[in-house]
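Here's the structure, in C-alpha cells; my notes come after.
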Amino acid sequence: MTLTFLLCFFLILVALIFSVIITNRVVKLDVQEVRYPEIDGLRGYLAFFVFLHHSYIWRFFLQNGEWEEPKSNLFNHFGQTTVAFFFVITAFLFTLKLINSKSKQIDWTAYINARLYRLFPMYLFSVGIIFFIAGYLTNFKSRIPFFENLLHLLSWIFFNIRKGLSINGLEDSFLFNAGVTWTLPYEWAFYFLLPLIALFFKIKVNYKTLLLFISTAAIIMIINESSLRHFFPFLGGIIAALVISKNKLGAVLKQKKYAFLAILLIACSIYFFNSGRKPIPIIITTIVFIIIASGNSFFGLLSSTFSRKFGQITYSIYLLHGILLFVIFYFVIGFEQAKDLTELEFWSIITLAVFPLIFISQLTFKYIEHPLMELAKVKLKSSVVKS
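As C-alpha cells, then:
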C-alpha cells in the first residue's frame with residue numbers, strides 16, 4: 012500500500028465516524044434489542060468493507076475497462092471474506108432458531124413471508140432506482156424486443172443479476188449496482204433448505220412442504236447457476252450454531268486474548284491467501300465468528316451503540332453503495348474524466364461519498380426497512396396465536 016492510500020484510508024475511517032454520528036442526530040433511530048449485539052455491530056463494518064472492495068474495483072475498471080477481482084489480497088478479502096461472514100451469520104441465526112424451537116413445529120409459510128417482508132421491499136426500491144437510471148440512459152425507449160426486455164427485468168427483480176444480462180439493451184448493466192446482489196440467491200436457497208436442515212434437529216416437517224421447499228431451492232440454484240463452493244460458509248454457520256448452543260465456551264472466548272487471536276487469524280488469512288473463498292480462509296472466518304458470537308466485542312467496539320446503529324443499516328448500505336458509485340463516476344464526474352484521476356483524487360472522492368451513503372442508507376432503513384420489519388413481526392405473532 013502506498014502512503015497516499017494509507018492517508019486516504021485514515022480519512023475514510025474519520026469520514027465514517029463523522030457520518031454515522033451526524034446522521035444519527037439528523038435521522039434518529041433507536042437501537043434495536045437483539046440477542047447478539049456483537050453480531051449486529053459487526054454487520055455494518057462488513058457492508059462498509061464491501062463498499063471499499065467495489066471502490067477499488069472501480070479504480071481499475073475506469074483505467075482499463077475490465078471488471079476484475081482486486082489483485083490486492085486485502086481488498087479481495089474485503090469482498091470475499093465479508094460475504095463469507097454474511098453467509099455464516101445467516102446460517103448461524105436460523106440454525107439457532109431451529110435448535111431453540113421449543114414446540115418443534117414451525118409455520119414455514121409465515122417464515123418465508125417474514126423473509127419476503129425483510130428482503131424484498133428494500134431490494135425492489137434499489138432495483139427501481141436502477142430501472143430509472145437505465146430508462147434515462149435509453150431515453151425511456153425500448154431498444155430490444157418486449158419479451159426479451161421483460162425476461163431481463165424479471166431476472167433483475169428475482170436477483171438473477173450477472174455479467175451479460177442487460178437492461179433494455181444496455182451492456183454491462185451489472186455496473187449499476189456492482190453486481191452486488193449475486194449473494195441473495197444463495198441466501199434464498201439456504202432459506203428454502205431450512206426444512207431439510209430442521210429434520211436433523213428432530214423437527215417435524217410436512218413432506219409436501221419439504222418437497223416444495225427443496226424443489227424451490229433447486230430451481231433457484233439452477234437458474235442462478237450456483238456454485239456449491241459458496242455454500243461452505245453456510246456450513247460454517249451451522250457448525251457455529253451447534254458450538255454456541257452448547258454454551259460451554261462463551262465465558263472463555265469473551266476474554267481479550269481471543270480478540271487478539273481473531274485479529275491474528277484474519278491477518279494470516281489476508282497475508283497467505285488471495286481469496287476468502289478457499290477452505291482455510293472459510294475455516295478461519297468460522298472460528299473468528301464463533302469468538303464474536305460468544306460475546307467477544309473486540310474491546311467493546313462491536314457492542315458499542317455506535318457500531319450497533321451502524322449495523323442496523325447494513326442491508327441498505329449493501330444494496331445502495333454500488334448505485335452510488337455508478338452515479339458518482341458516470342453522472343457526476345464522467346468516465347473519461349474519472350479515468351485520469353490520481354490515486355489521491357480517487358480516494359478523496361470515495362471519502363466524500365461516505366456521508367451520502369450513510370445518510371441515504373439511514374433514511375431507507377427508517378422509512379422502508381424498519382416499518383416492514385415491524386409489520387413482519389406483527390404478522391408472525393398473529394400466525395403463532397392462530398396456530
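Count the sequence shown with the numbering used here and you get residues 12 to 398, in order.
The beta carbon of each residue, even a glycine, is placed where N, CA and C say it ideally should be.
What residues match up with L181 in a beta bridge as DSSP calls it?
Note: L181 sits in a beta bridge opposite I178.
Contacting residues, own chain, Cβ-Cβ under 6 angstroms from S256 (five flanking each side not counted)
Within the same chain, S256 has close Cβ partners I110.
CA-to-CA distance, E380 to P244, given in whole angstroms:
C-alpha separation (whole angstroms): 26 angstroms.
Tell me which same chain residues have a C-beta within less than 8 angstroms of the C-beta of I23, skipping the five on either side of it?
Within the same chain, I23 has close Cβ partners L63, W358, I361, T362 and V365.
A189 lies in the alpha helix (DSSP H); which residues open and close that run?
For A189, no alpha helix (DSSP H) run applies, since DSSP gives it neither H nor E.
Take the Cβ of C279 as the centre, count every other Cβ of all protein chains shown within 10 Å, and call the residue buried at 16 or more, exposed below.
Its Cβ having fewer than 16 others within 10 Å, C279 is exposed.
Sub-8 angstroms separation of P132 and L383 beta-carbons:
Judged by their CB atoms, P132 and L383 are nearer to each other than the 8 angstroms cut-off.
Three-state class that DSSP yields for P290 in the structure shown
Look at P290 here: in three-state DSSP terms it is helix.
Let's test the definition: count the other Cβ atoms within 10 Å of the Cβ of I291 and tell me whether it reaches 16, buried, or not, exposed.
The C-beta of I291 has fewer than 16 other C-beta atoms within 10 Å across all chains shown, which makes the residue exposed.
Can you tell me whether DSSP reads N150 as helix, strand or coil?
Correct three-state label for N150: coil.
Return the residue from the list T93, L336 and P367 that minimises the CA-CA distance to L186.
Of the candidates T93, L336 and P367, the residue whose Cα lies closest to the Cα of L186 is L336.
Through-space distance from G322 to T34, alpha-carbon basis:
If you draw a straight line from the Cα of T34 to the Cα of G322, it is about 13 angstroms long.
So, with DSSP's three-state summary, where would you put W78?
In the three-state reduction of the DSSP assignment, W78 falls in the coil class, being assigned neither a helical nor a strand state.
Residue range of the alpha helix (DSSP H) that includes N35:
L14 to V37 is the span of the alpha helix (DSSP H), which, as asked, contains N35.
Exposure of E49, with buried meaning 16 or more beta-carbon neighbours within 10 Å
Under a 10 Å Cβ-count criterion, E49 is classified as buried, with 16 or more other Cβ atoms of the shown protein chains found around its own Cβ.
Between F96 and T296, is the Cβ-Cβ spacing less than 8 angstroms?
With contacts defined as CB atoms closer than 8 angstroms, F96 and T296 qualify as a contacting pair.
Please determine if the stretch 309–322 and the stretch 342–357 are in contact, where contact requires at least 3 C-beta pairs separated by less than 8 angstroms.
At 8 angstroms Cβ cutoff, the stretches do not touch.
Ignore the nearest five residues each way along the sequence and tell me which others in I371's own chain have a CB closer than 7 angstroms to its CB.
Non-local beta-carbon contacts of I371 in its own chain, meaning distances under 7 angstroms to residues more than five positions away in sequence, involve L331 in chain order.
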